[in-house]
Amino acid sequence: MRRPNVLVVYVLRQHPLRATIRDHLYSFERYSDGRTAYLNLAVRRRVPAWVRHVPWDLVVFHTSYLATYRWTPDGAPWLRRRSQALRGVGRVRVALPQDDFLRSDLVAEVMEELGVDHVFTPVPASEHAKVYGRMDLDRVRFHLALTGYLDDDEVARMIAIAEEVDHGPGPGRDIDVGYRAWHAAKWLGRHGQLKTEIARLFREQGPAHGLNVDISTDDADVLYGDDWNRFMARSKYTIGVEGGASILDRDGSLRAKVYEYELDHPDASFEEVEAACFPGRDGELKLFAVSPRHLEACASGTCQVLVRGDYNGVLEADRHYIPLEPDFSNLGEVLETMRRDDRRAAITAAAFDEVVGSGRWTYRGLVEAVEAVAEPVPVRAGPPSRVLRIARAQDRLTWAYVAFLMRVVMPVWLKALASIPGPVARPLKRVAMARAQRRAAGS
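Under our numbering, think of the first position of the sequence shown as 936, with each following residue one higher.
If you want it as structure tokens, here you go:
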């Protein structure tokens, strides 16, 4: 059996590229058994000729490609036009969508136009018809995919840091409860507000139970890279909730409505925004998923206290985490369990052995799962080495161009925008923001 030909289609104009995005995007280059090539439609005005000269076994529409339709204010019609030449290209076509709570109708239409055969998604099966109803649900096959995975090298790094903290000369795990969270957009629904709510509860009540807490929702306290890994390693416990949304914004109008409302009412509470913008709609969607932070906690040996949920079947309550009821009715009991610290060792051991040790939730596991849908690979000629060299050279040039835009062009543009006087600024900045988002996406 020969090696498959794999084309990954993406849309990115970020520089420098965040490590999590880079790991996700180039996981196919790193772990695929096939011959991989990449096509960045953010900087390519048309599909290059070399794409048509290769018998692709698998075409992967990356998360960044589909996210451009979701997050660009006008829905990225330019990208839809550029993609016409990709219709029907490839023996098997796979999509990796995320953030399916936003512009679900448009993204489903695009995937159907492209002839996507397999969708790898964190959306639970109960919500497929609601989210992907504009696709041929009898033809398309759905598979579980997470919003992020463990990288082999990063896991090794986290383990090394945790061992250094646990067995080194320092104070060990000197933080009882460590947590960082961001303020979720209100148009995601009440579920999104749980992150900051549990942060407040544990920050207020943890010390009364003798717990040393380091909990923040302040952007200034965000940690990255090894700073984050060390913070997790120093924490005996961390808290959390499934990511996701409880409202389905099919066309992006709800997000725009909330944005406009909050411009005029910057201090509005969730209840006020809900009453003004989406009364009675909260709970119409149950798109909840395990997040990369949950996997990282498993790797760092940090015991998780999580709002009870499904977590895509990856984490099991009372085995991989201590459950906090959604109404917080057992908060006192949970805090006492954390104070006694008599369950932590068993839970962290099970989480490491069964979640990290399984290898299923790594980028290698993702690539293997995606490529499995393209088997068996027919015996036919692979792409000429010259074509692959051209493809890889063009991908490298893509990133040189992106670096120039972000380092040189964008700072000048932002400085000019900041100089606009106040009375004129508001409408112009709205237009400029929309254009900036389109440019960042590649139009």
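Note that the Cβ used here is the ideal one computed from N, Cα and C, for glycine as well.
Contact fails between the stretch 1164 to 1172 and the stretch 1128 to 1135, because fewer than three Cβ pairs, one in each stretch, are under 8 Å apart. The shortest CA-to-CA distance from Y945 to any of L1037, Y1256, D1101 and L1031 is the one to L1031.
Closest by C-alpha distance to T1283, out of I1094, T1152 and D1153, is I1094. Annotation: A1335 to E1219 spans about 44 Å, alpha carbon to alpha carbon.
Its Cα nearest to that of R1069, the residue V1042 stands out among V1042, R1028 and L1085. Distance between S1235 and A1280, taken at the CA atoms: about 13 Å. The shortest C-alpha to C-alpha distance from A1286 to any of E1251, V1305, E1306 and E1260 is the one to E1251. In the same chain as I1325, and ignoring 5 residues on each side of it, the C-beta atoms closer than 6 Å to its own belong to W985, in chain order.
Straight-line measurement puts the Cα of D1052 at about 7 Å from the Cα of R1074.
The three-state reading of DSSP puts Q1140 in helix, counting H, G and I together. Rounded to whole angstroms, the separation of the alpha carbons of N1247 and H1229 is 12 Å. Contact between V982 and A1011 is ruled out by a C-beta separation of about 16 Å, above the 8 Å threshold. Around the beta carbon of V1240, 16 or more other beta carbons sit within 10 angstroms, so the residue counts as buried. Rounded to the nearest whole angstrom, the C-alpha separation of F1205 and K1121 is 6 Å.
According to the DSSP assignment, R1228 belongs to the alpha helix (DSSP H) that extends over P1227 to S1235. For the 8 Å CB-CB criterion, D1087 and R1115 do not form a contact. When rounded, the separation of the alpha-carbon atoms in G1023 and D1262 is 48 Å.
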